[in-house]
Structures are given as C-alpha cells and as structure tokens.
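Going letter by letter, the sequence shown gives residues 83 to 454 in my numbering.
Heads up, the beta-carbon is just placed ideally off N, CA and C, and yes, glycines get one too.
Everything numeric in this text was worked out from a predicted model, so none of it was measured.
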Amino acid sequence: MHAWCIVVVLLHGSAPMLAQDPGPATTSAGWRLAEPGYTLQFPRDHGSHPEYRIEWWYYTGNLATADGRRFGYQVTFFRIGVDPAPANPSRWAVRDLHMAHLAVTDVSAEQHLTAERFDRGGVGWAGARGGTLDVWNGDWRVALDGQTHRLQAFDDRFGVDLRLEPGKPPTAHGDAGLSRKGAESGNASHYYSMTRMSTTGQLRLDGDRVDVTGTSWMDHEFGTTFLESGQVGWDWFSLQLDDGTDLMIYQFRRSNGQPDPFSSGTWVAGDGAVTPLAGDQVMLVPGRVWTSPSSDASYPVAWQLRVPSRHADLRVEALLDAQELDTVNSTGVTYWEGAVTVSGRIGDGAVTGRGYLEMTGYSGRPMSEVFR
Numbered sequence: 083m084h085a086w087c088i089v090v091v092l093l094h095g096s097a098p099m100l101a102q103d104p105g106p107a108t109t110s111a112g113w114r115l116a117e118p119g120y121t122l123q124f125p126r127d128h129g130s131h132p133e134y135r136i137e138w139w140y141y142t143g144n145l146a147t148a149d150g151r152r153f154g155y156q157v158t159f160f161r162i163g164v165d166p167a168p169a170n171p172s173r174w175a176v177r178d179l180h181m182a183h184l185a186v187t188d189v190s191a192e193q194h195l196t197a198e199r200f201d202r203g204g205v206g207w208a209g210a211r212g213g214t215l216d217v218w219n220g221d222w223r224v225a226l227d228g229q230t231h232r233l234q235a236f237d238d239r240f241g242v243d244l245r246l247e248p249g250k251p252p253t254a255h256g257d258a259g260l261s262r263k264g265a266e267s268g269n270a271s272h273y274y275s276m277t278r279m280s281t282t283g284q285l286r287l288d289g290d291r292v293d294v295t296g297t298s299w300m301d302h303e304f305g306t307t308f309l310e311s312g313q314v315g316w317d318w319f320s321l322q323l324d325d326g327t328d329l330m331i332y333q334f335r336r337s338n339g340q341p342d343p344f345s346s347g348t349w350v351a352g353d354g355a356v357t358p359l360a361g362d363q364v365m366l367v368p369g370r371v372w373t374s375p376s377s378d379a380s381y382p383v384a385w386q387l388r389v390p391s392r393h394a395d396l397r398v399e400a401l402l403d404a405q406e407l408d409t410v411n412s413t414g415v416t417y418w419e420g421a422v423t424v425s426g427r428i429g430d431g432a433v434t435g436r437g438y439l440e441m442t443g444y445s446g447r448p449m450s451e452v453f454r
C-alpha cells in the first residue's frame, strides 16, 4: 500500500469528539480516548487494547559479542484501527492494520539494515492478543514466556532471536501512565516502559548466527489521538546509565522550532524509584548534524541533555550517523532511530551509558498529519 493510502487510514475517525452516553469517552467513530482513571495492570496491559485506535510495542537495545563487536537493534509492532465495529461479519473485514519495523545496526561494519511489514488483522496474518503479550506480523513475533519476552524477527538478510528478562518493574510515564500529548481532551496515551531488560540470544547476519548479550528497552503506548496541529515531530531518548539510572525524554517540536509545553520525561533510579519530569525540567541542545543522502533530511546526531534538578549534564551521540528508516511500504514515515552512547556527569560523579534515540518530523512531513 502506498504512503498516501496509509494517511487516509490513519486519519479515519480520528476527531476527538466526546460521546454523550455514559462510560469511557470516545471519538465520534467509537474509538476510546485515553483519559485519567485507567490503572495499568500486568500482564494484562502488555496485551492489545483494540478499543483504542493506535497502539505500538517498541523494542530497542544495545548488544555485543563476547569479543566486543557492537550492535543496536529495533523491532516495532504497530496496530492501527480502521473501524471499531465493521458491519461485515467476515474475518476478511478490515478492523485493524498491522505494521512492523526491524532494524539492526552493525557498528564495526558501519551498516544499518532495515525491513518492514504491512498486513491486515482478522485472518491471522498479523494480530495482537488481549490480556497478555503476544503480537505478531507473519513470522515476526514477541510473546511472554513466564516473565521473559521472546522476540523473533527475520528478513532474508538479517534478523534477531532474543530473550529479554526485566530488571525493573514496569515504569508508568506521566500521571500514573497517562502521557498527555496536547491540550485537547483525550489527546494522550497510556504509556509505560520496561526500562532495563537483560538480553541474550542471536543475531542473524547474511546467513551467520552471532551470539550476543546486552540490555534492551521496551515501550508500549496505546491511545486514539496523539498530536495536535503545530506539533511537527519529536525527539525521544531512552538512556541506560552504568550507575543503574534510566532516563526517558519525549520532546515534541513545534512548527516554529520550539519545544512543545507537553514535552515530558521520566527519571528511573537504580532501585526503580520513578520521578516524572515536566518539559521545562529538561534542557536539550542539538549539536552535530547528519544529512541523509536518501531523504535529504538533516538530523542532530549529537545532543547535550541537562536535568538541573538531578544535577545531570549528559552528552548523547550516535554510534553510527546513518541510522535512518524509510518505511514507505508500511507506516509511510521516514525517521531516524538508532543506537547512541552517553557520557557526562551526575552531581560530582562521572557517568557513561548507552541507549536509543528516535527523531521524527525532519523529513518534511509533519507527524501531526499522521497521528491527528
């Protein structure tokens, strides 16, 4: 499906008009809005939430071989609702569309490999169970095995086969998991992360299997209306420091180039204690820029990140500049998502770390057109 077709799907039934009947607030098309009062419970909320229009499961991580060869990886599953109650009872009726992205960064080879998938739900080609974690698109899958997240995704050239073990409880972002994206009613998501997951398994690279270990991060968001007009994109940081601290920063950018007031973050201490951060508690200064030869988009691949309330001053830099994804055959979005290193200070102590950085809205298409 071409990118312009996907835009039509994403915009369908998205007006955040509240229903008049009692019960959860919904759009005019019948999609539930994210609002206060929802309590995250696990393993239930690892699963699908089909009453909401938009949902994604995001896995990223930094891995290495025993001899120090470094890799980054990303596996993402998207569910986009088309019609909450199709009139046609056939399994072929399209209620949801499912997309998936796969990427592996081979640092020493200076390669960033990508693949994508697009399928419909209902006939078993792709889907997501409710009540527990089990999401698939073809033979790409993530599912719970006890407390372990089993993640498998393979393209003809490369892939991942990983086991992820949580090292901290789920972190609820925002207000008890309600992450506000704007001033409009319901313009929010329910959002949590597994911020530090011990990872073992294999990468497949051109037919070779490579044993790896490392640390992963899992994000899960679900909601119906995400961005407002004037919000052109975001810069998202998931950082894991060697002192045990984890940090999520979600900076929305406005069309005038300024940070949006609904930007936010979360500081997770080594013992799992969670401190929400408002947008004005975080200072982000972009540095060195890389321009994609494919899209002509220019991305800041080095950032200075400060959290004064935590006496934190960190430098975030890409492990490889060329970590752009062009997903014209699935979500229709060109964006940068890649492995990063972290160095700096917290108080009087030096810290280092690793993480992932996602940057959207740099390729000329405002993200508010996608998630309106």
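With DSSP run on the structure shown, which of helix, strand or coil describes Ser-391?
DSSP places Ser-391 in helix when its eight states are reduced to three.
Determine, using beta-carbon pairs with one atom in the stretch 281–296 and one in the stretch 387–400, whether at least three such pairs fall under 8 Å.
They do not touch, by the three-pair rule.
Below 8 Å between beta carbons: does that hold for Trp-372 and Asp-408?
No, they are not a contact pair.
Asp-342 versus Gly-259 - alpha carbon distance
Distance between the alpha carbons of Asp-342 and Gly-259 is about 20 Å.
For Thr-281, which residues of its own chain have a beta-carbon under 8 Å away from its beta-carbon, when the five flanking residues on both sides are left out?
When the five nearest sequence neighbours on each side are left out, the beta carbons in the same chain lying within less than 8 Å of the beta carbon of Thr-281 are those of Gly-143, Leu-145, Leu-244, Arg-245, Leu-246, Glu-247, Val-294, Thr-295, Gly-296, Thr-297 and Ser-298, in order along the chain.
Should Asn-338 go down as buried or exposed, given a rule of 16 or more other Cβ atoms within 10 Å for buried?
So Asn-338 ends up on the exposed side.
On the three-state DSSP scale, how would you describe Gly-429?
Note: Gly-429 maps to coil in three-state DSSP.
Is Thr-442 closer than 8 Å to Trp-316 when the C-beta atoms are compared?
Yes, the pair counts as a contact, with Cβ atoms nearer than the cut-off.
Round the Cβ separation of Leu-401 and Gly-154 to the nearest angstrom and send it over; I've been treating them as touching at under 8 Å.
Rounded to the nearest angstrom, the Cβ distance from Leu-401 to Gly-154 is 6 Å, consistent with a contact under 8 Å.
Compare the beta carbon distance of Thr-306 and Ala-116 with 8 Å and say whether it is the shorter of the two.
Taking 8 Å as the Cβ cut-off, Thr-306 and Ala-116 qualify as a contacting pair.
Contacts around Glu-440, its chain only, beta-carbon distance under 6 Å, and the 5 residues preceding and following it disregarded
Result list for Glu-440: Trp-318 and Glu-419, in chain order.
Give the list of continuous beta strand (DSSP E) stretches no shorter than 3 residues that lie fully inside the stretch 286–358.
With a minimum length of 3 residues, the continuous beta strand (DSSP E) runs that stay inside the stretch 286–358 are 290–305, 313–323, 328–336 and 346–350.
Please identify the residue among Ser-110, Gly-206, Thr-230 and Phe-334 whose C-alpha is closest to the C-alpha of Thr-214.
Residue Thr-230 is the option with its Cα nearest to Thr-214.
Tell whether a beta-carbon distance below 8 Å holds between Ser-380 and Tyr-444.
Cβ distance < 8 Å, so Ser-380 and Tyr-444 count as in contact.
Option nearest Trp-139 by Cα separation, candidates Gly-289, Glu-133, Gly-283 and Ala-210
Checked all of Gly-289, Glu-133, Gly-283 and Ala-210; the closest Cα to Trp-139 is Ala-210.
Quick one: what does DSSP say His-180 is sitting in, helix, strand or coil?
Residue state, collapsed to three classes: strand.
Quick one: measure Cβ to Cβ for Val-164 and Arg-177, integer angstroms, because I've assumed they're closer than 8 Å.
Correct: roughly 6 Å between the Cβ atoms.
Closer than 8 Å, CB to CB, is Tyr-381 near chain B or not?
No chain B is part of this structure, which consists of one protein chain only.
7 Å Cβ shell around Ala-197 - same chain, five flanking residues per side excluded
Excluding sequence neighbours, Ala-197 sits near Leu-184 and Asp-237.
Segments of 3+ residues assigned as beta strand (DSSP E) that fall wholly inside the stretch 209–258:
Taking only runs of at least 3 residues, the beta strand (DSSP E) segments lying wholly in the stretch 209–258 are 216–219, 222–227, 230–236 and 240–248.
For the beta strand (DSSP E) that contains His-131, what are its first and last residues?
Unbroken run through His-131: none, as it is neither H nor E.
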